[in-house]
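S.K.:
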Amino acid sequence: MAAAPEEEVDRRPIRRVRSKSDTPYINEARISLHLETALTVSHGAQLHLGRLFGNHTVTHALGRMSHV
4 MAAAPEEEVD RRPIRRVRSK SDTPYINEAR ISLHLETALT VSHGAQLHLG
54 RLFGNHTVTH ALGRMSHV
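My numbering puts the sequence shown at residues 4 to 71.
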């Protein structure tokens, strides 16, 4: 089969069918999960540091970091 002349070649992009991974609610759930995980990790780190250095010191330091 011979190649078609340039003017006969369809150069339009291939349109892809949407999948479930394209739907907004999947992305929202993923973002929510990441935020919940980050908050859990942050809270766990705060508890651990509080045990090491005393809760007042850690709370004061974290409060200062959030104002930066």
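Glycine included, C-beta positions come from ideal geometry on N, C-alpha and C.
Return helix, strand or coil for Asn33, following the three-state DSSP convention.
M.R.: Locating residue 33 in the sequence shown gives position 30, where the first residue counts as 1. In the sequence as presented, Asn is not what sits at residue 33; that position holds Arg. Arg33 falls in the helix class under three-state DSSP.
S.K.: Consult DSSP for Val44 and reduce its assignment to one of helix, strand or coil.
M.R.: On the sequence shown, position 41 is the one that residue 44 refers to. Three-state DSSP puts Val44 in a helix.
S.K.: Quick check on DSSP: helix, strand or coil for Arg15?
M.R.: Here residue 15 corresponds to residue number 12 of the sequence shown, with the count starting at 1. Note: Arg15 maps to coil in three-state DSSP.
S.K.: Reducing DSSP to helix, strand and coil, say where Val20 ends up.
M.R.: For the purposes of this step, residue 20 is taken as the residue at position 17 of the sequence shown. Coil at Val20, not helix or strand.
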